[in-house]
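**Student:** Pasting a structure here, questions to come.
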Amino acid sequence: MNKGLHRGLKVLGGLMLAAGLVLLTGTAYEAYQSTQDMKAYSPSGTYDEMSGYNMDLYTAGKDGATMVFASEWGVPNPMDFSSLYEPLKPHVKLAMDDHLGYGYSDITDHLRGLETVTEEIHPLLRVSGQVAAEFLKIAHLFNE
């Protein structure tokens, strides 16, 4: 066998082995850190079952009139709007949910369109018992 070809195959094999070790190490590190994060961070609200899935619902503020903050594409969690709702806590009750597939809510394979998310939020608010029957929904939607 040609000496140069033999050396090239050795180098290529070494590079492939090194790349495999880097990928294996990265995968192990990611799995370990994900486990640590799950221990360190707990859901911000309560879990309520909706159609066999657990959805996270965060509520704050005083009882009475309720404002439900919702977000869509580009901003997966309405808690990103804390600068808007923090000043409202002394005056109204606030509610924010993690849609299925986001945050602390369960993962789902159902399509996540606006209609689906809207159909899920109403029963969630009713089941939780934490939100008044009438509420004002404040939604944010990036338009593409």
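When we follow the working numbering, the leftmost residue of the sequence shown carries the number 848, and every step to the right adds one.
We treat Cβ as the ideally placed atom computed from N, Cα and C, and that holds for glycine.
Model, not experiment: these values are computed from the prediction.
(1) Leaving out the 5 sequence neighbours to the left and right, which residues in its chain are closer than 8 Å to I954 when beta-carbon positions are compared?
(2) Do S952 and M902 have their C-beta atoms closer together than 8 Å?
(3) How about T913 and V939: are their beta carbons less than 8 Å apart?
(4) Identify whether S918 lies in helix, strand or coil by the three-state DSSP scheme.
(5) Hey, D895 and S975 are a contact pair by Cβ (cut 8 Å); roughly how many whole angstroms apart?
(6) Here's the rule I'm using: 16 or more other beta-carbon atoms within 10 Å means buried, otherwise exposed. How should A875 be labelled?
(7) To the nearest angstrom, report how far apart S898 and G892 are at their CA atoms.
(8) Please classify Y905: is it buried, with 16 or more other beta-carbons within 10 angstroms of its beta-carbon, or exposed?
(9) Closest by CA to H957, which one among Y900, L862, L859, A917?
(10) What's the gap between the Cα of E981 and the Cα of F916?
(11) Can you tell me whether L876 is helix, strand or coil according to DSSP?
(12) Let me check understanding here. Comparing Cα to Cα, which of I985, L856, V869, G861 lies closest to L931?
(13) Three-state secondary structure (DSSP) at E991?
(14) Is D944 closer than 8 Å to I968 when the C-beta atoms are compared?
**Tutor:** In this structure, then:
(1) L947, G948
(2) yes
(3) yes
(4) strand
(5) 5 Å
(6) exposed
(7) 19 Å
(8) buried
(9) Y900
(10) 14 Å
(11) Note on residue identity: the sequence assigns Tyr, not Leu, to residue 876. Residue state, collapsed to three classes: helix.
(12) I985
(13) Unreliable placement is indicated for E991, whose pLDDT of 48 sits below 50; the coordinate value is still reported in the next sentence. Note: E991 maps to coil in three-state DSSP.
(14) yes
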